[in-house]
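Let me begin by presenting the structure, written as structure tokens, before commenting on it.
Protein chains in written order, with my numbering: chain A, 1 to 247; chain B, 248 to 647.
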């Protein structure tokens, strides 16, 4: 489970002053559900997810992941999450197998467990053909599969996806979306950030609309539509984040 | 701190680095070829140039000396000079390198020579120009020989022995062992290259493992793992240090092999004479020991600078001035007349350059050695602590 309580991040900038990357963000994600963080570029999605993933330290508020506090127990938090983002790349000169094994070992797994886990993931994701090929030689789809295997090698309880389909072709993006669904099916706690309305609508059990670093509205897709009186999630989104922008 | 995680990061970085051609070039190829190419290649080229210049019969000009035909005839007859016809612009001809040197023979020179009261001959050359220098050296030899013969004749005519003008000879004998002679010759230049190569060896891996990872997006991937930041930075740092030390080791091995080859090819080894370019092996071991804290210092400073950068390009712009900051103190260390003292022993890089020079020439000042090793280790430790601190700072890692 993920629980964020008034999570705040202020970036100090000598030229621009204090910038609130996240402003009192609160939400709760139960196991076996997908929580969507929907927002435009710069809305605060990545900052929020990086705080939950312990890559950034919150300025205020708190969060727990699988029962561990992100500030006091960051190593334990990271041991329980799989973090996949458009910005999390692969080591070009390692093979797919070496990449997965490296992260297995960083997660404290022994060689035998790593080998066994790679066998399972390779089978599940259909990686047999390219497991021993260097990442720099892989196609985009193969790279995505390798990244997924990397996030799953230690079988985490919580999955964090930060715009994972950004820049991907339709087929690769579909396979990612399918994988996210499978994570829910396996009872994992999933948080998924995106600015693509259709993805959010198809995938998420609950959605938090984030804008200017703060959660502006939260609920199921149906609840959000009902709240704004719109039949389309995109229209609901616009109405929530910029009501003055509507014709 | 978890040694297992540090080892995991180190092994991964080592594997990754060994697959990178650019790092291999800076770590192995450059150091291996650089030292012998520079020391022996340059020496060979210089020798060839000097030999060729010596073989050339220099074009010289005699200015004046119309009343000294015998001197002119002797100079032409010597076969060592191509005497050009006198010309009014002889100084310009020397500057234009059309004539290598000139000798101005004053009026009444030949007459005065026979009486033991000849006026001074003036030699003209283009200072700093090799062929002109050789030409004027030969002219000086010619006129010195002429003077000696004239002196001997004057003494003989007066019934005095020739030795009266030169009652004793001065001889010079070297008592230093060949390896110390070699140490003095190479003592300045070896530390220069070793220190420089330890910097060059660490440079590319330091950039690649920090700014390079940020640029490629693998840093964020790595930070998502539960590995502690300190373990990650230490694993990466150890790889940079390995590259630096390997560059030094490659250079020294290559130098050693080249020295053996030179000795074998010149036959000096067979005669039991290691030759003037031999070096005390203890001196080399001393240099290796002293270079370890320097390599730690370079690796940590380079890593910290590159870590701060957002991209490889930015990192390169930080690292380039560091190269000059290293070369200058090392170059000062080579200069003759600069000796170690307790103040200089605390100046980073310069202290290593000076103490390595001493060790290679067989001088072991243990007080200085301890002070330099200790102070450099302290600087290196501080730089490494800074690296760890920076790696733990999200302002550095996620700097935008």
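Where a beta carbon is used, it is the ideal one built from N, C-alpha and C, also for glycine.
Contact set between residue i and chain B, taken where Cβ atoms lie within less than 7 Å
| i | result |
| --- | --- |
| residue 91 of chain A | 263 and 465 |
| residue 169 of chain A | Correct list: empty, because the minimum Cβ distance to chain B is about 19 Å. |
| residue 78 of chain A | 471, 472 and 473 |
| residue 83 of chain A | 471 |
Selection from the options that minimises the alpha carbon distance to residue i
| i | options | result |
| --- | --- | --- |
| residue 548 of chain B | B:635, B:391, B:421 and B:291 | B:635 |
| residue 49 of chain A | A:68, A:32, A:21 and A:72 | A:21 |
| residue 606 of chain B | B:399, B:416, B:435 and B:409 | B:435 |
| residue 592 of chain B | B:400, B:270 and B:621 | B:621 |
| residue 311 of chain B | B:295, B:357, B:280 and B:272 | B:357 |
| residue 11 of chain A | A:51, A:122 and A:2 | A:51 |
| residue 97 of chain A | A:72, A:108, A:123 and A:83 | A:123 |
| residue 177 of chain A | A:155, A:141 and A:64 | A:141 |
| residue 31 of chain A | A:47, A:223 and A:186 | A:186 |
| residue 152 of chain A | A:13, A:82 and A:231 | A:82 |
| residue 614 of chain B | B:313, B:608 and B:589 | B:589 |
| residue 596 of chain B | B:328, B:573, B:313 and B:457 | B:573 |
| residue 55 of chain A | A:79, A:41, A:67 and A:43 | A:79 |
| residue 331 of chain B | B:308, B:314 and B:274 | B:308 |
| residue 471 of chain B | A:199, A:150 and A:244 | A:150 |
| residue 693 of chain B | B:632, B:369, B:624 and B:418 | As shown, chain B starts at 248 and ends at 647. That puts residue 693 of chain B outside it, with no answer to give. |
| residue 423 of chain B | B:618, B:610 and B:632 | B:610 |
| residue 58 of chain A | A:15, A:16, A:117 and A:9 | A:9 |
| residue 496 of chain B | B:599, B:277 and B:345 | B:277 |
| residue 206 of chain A | A:15, A:29, A:13 and A:14 | A:29 |
| residue 441 of chain B | B:333, B:351, B:618 and B:274 | B:274 |
| residue 296 of chain B | B:632, B:603, B:280 and B:381 | B:381 |
| residue 35 of chain A | A:63, A:43, A:68 and A:1 | A:1 |
Close Cβ partners of residue i (< 6 Å) along its chain, the five nearest in sequence each way excluded
| i | result |
| --- | --- |
| residue 379 of chain B | 347, 348, 372 and 373 |
| residue 481 of chain B | 253 |
| residue 517 of chain B | Summary for residue 517 of chain B: the model assigns pLDDT 43, below 50, so the residue's position carries little reliability; its value from the coordinates is reported in the next sentence. So the list is empty, once near-sequence residues are dropped. |
| residue 218 of chain A | 208 |
| residue 114 of chain A | 101 and 104 |
| residue 630 of chain B | 544, 547 and 548 |
| residue 148 of chain A | 179 |
| residue 365 of chain B | 356 and 359 |
Chain-ordered chain A contacts of residue i [CB-CB under 8 Å]
| i | result |
| --- | --- |
| residue 255 of chain B | 102, 105 and 106 |
Own chain, CB closer than 7 Å to residue i, minus 5 neighbours either side, in chain order
| i | result |
| --- | --- |
| residue 627 of chain B | 540, 543, 544 and 547 |
| residue 283 of chain B | 501, 502 and 505 |
| residue 39 of chain A | 45, 195, 209, 210 and 211 |
| residue 491 of chain B | 445, 448, 449, 542, 545 and 546 |
| residue 594 of chain B | 576 |
| residue 342 of chain B | 373 |
| residue 519 of chain B | Legend: pLDDT at residue 519 of chain B = 44, less than 50; position of this residue unreliable, no value from coordinates given. |
| residue 412 of chain B | 398 and 402 |
| residue 249 of chain B | 475 and 478 |
Partners in chain B for residue i, counting only beta-carbon separations shorter than 8 Å
| i | result |
| --- | --- |
| residue 165 of chain A | Ordered by position in chain B, no residue passes the 8 Å Cβ test against residue 165 of chain A, which lies about 16 Å from the chain. |
Residues of its chain near residue i, where Cβ-Cβ distance is below 8 Å and the 5 sequence neighbours each way are ignored
| i | result |
| --- | --- |
| residue 393 of chain B | 318, 321 and 360 |
| residue 216 of chain A | 209, 210, 240 and 241 |
| residue 94 of chain A | 102, 134 and 135 |
| residue 531 of chain B | 499, 503 and 607 |
7 Å Cβ cut-off: residues of chain A touching residue i
| i | result |
| --- | --- |
| residue 267 of chain B | 93 |
| residue 259 of chain B | 102 |
Listed by chain order, chain B residues near residue i by CB distance under 9 Å
| i | result |
| --- | --- |
| residue 87 of chain A | 464, 467 and 468 |
| residue 149 of chain A | Going along chain B, no residue has its Cβ under 9 Å from residue 149 of chain A, so there is no contact; the nearest lies around 13 Å. |
| residue 75 of chain A | 473, 474 and 475 |
Residue i: contacting residues in chain A (beta-carbon distance under 9 Å)
| i | result |
| --- | --- |
| residue 645 of chain B | 50, 55 and 56 |
| residue 556 of chain B | Going along chain A, no residue has its Cβ under 9 Å from residue 556 of chain B, so there is no contact; the nearest lies around 17 Å. |
| residue 252 of chain B | 105, 106 and 108 |
Exercise. Are the segment 151-170 of chain A and the segment 179-190 of chain A touching, with three or more C-beta to C-beta distances below 8 Å?
Worked result: Short answer: they touch.
Exercise. Between the segment 164-174 of chain A and the segment 80-96 of chain A, do three or more beta carbon pairs fall short of 8 Å?
Worked result: yes
Problem set entry | Runs of beta strand (DSSP E) lying entirely within the segment 156-231 of chain A, each at least 3 residues, in chain order | 158-162, 189-194, 206-211 and 214-219
For this session: Mind the definition here: the segment 549-558 of chain B touches the segment 631-645 of chain B only if three or more C-beta pairs lie below 8 Å; say whether that holds.
Result: yes
Problem set entry | Those runs of the beta strand (DSSP E) which lie wholly inside the segment 351-386 of chain B and span at least 3 residues | 369-371
Exercise. Are the segment 439-455 of chain B and the segment 475-492 of chain B touching by the rule of at least three beta carbon pairs closer than 8 Å?
Worked result: yes
Exercise. Mind pulling the alpha helix (DSSP H) runs of 4 or more residues that sit fully within the segment 593-633 of chain B?
Worked result: 597-607
Exercise. Which ranges would you report for the beta strand (DSSP E) in the segment 544-571 of chain B if only whole runs of at least 3 residues count?
Worked result: none
Exercise. Taking contact to mean at least 3 C-beta pairs separated by less than 8 Å, is the segment 224-234 of chain A in contact with the segment 261-280 of chain B?
Worked result: No contact exists between the segment 224-234 of chain A and the segment 261-280 of chain B.
For this session: Determine, using beta-carbon pairs with one atom in the segment 458-466 of chain B and one in the segment 559-567 of chain B, whether at least three such pairs fall under 8 Å.
Result: yes
For this session: Starting from the N-terminal side, write out each stretch of the beta strand (DSSP E) that is 3 residues or longer and does not extend beyond the segment 6-71 of chain A.
Result: 17-29, 34-38 and 60-65
Exercise. Any residues in the segment 626-643 of chain B with a beta carbon nearer than 7 Å to a beta carbon of chain D? Which ones, in chain order?
Worked result: Among the protein chains in the structure shown, which are A and B, there is no chain D.
Exercise. Are the segment 116-132 of chain A and the segment 65-80 of chain A in contact at 8 Å, needing three or more beta carbon pairs?
Worked result: no
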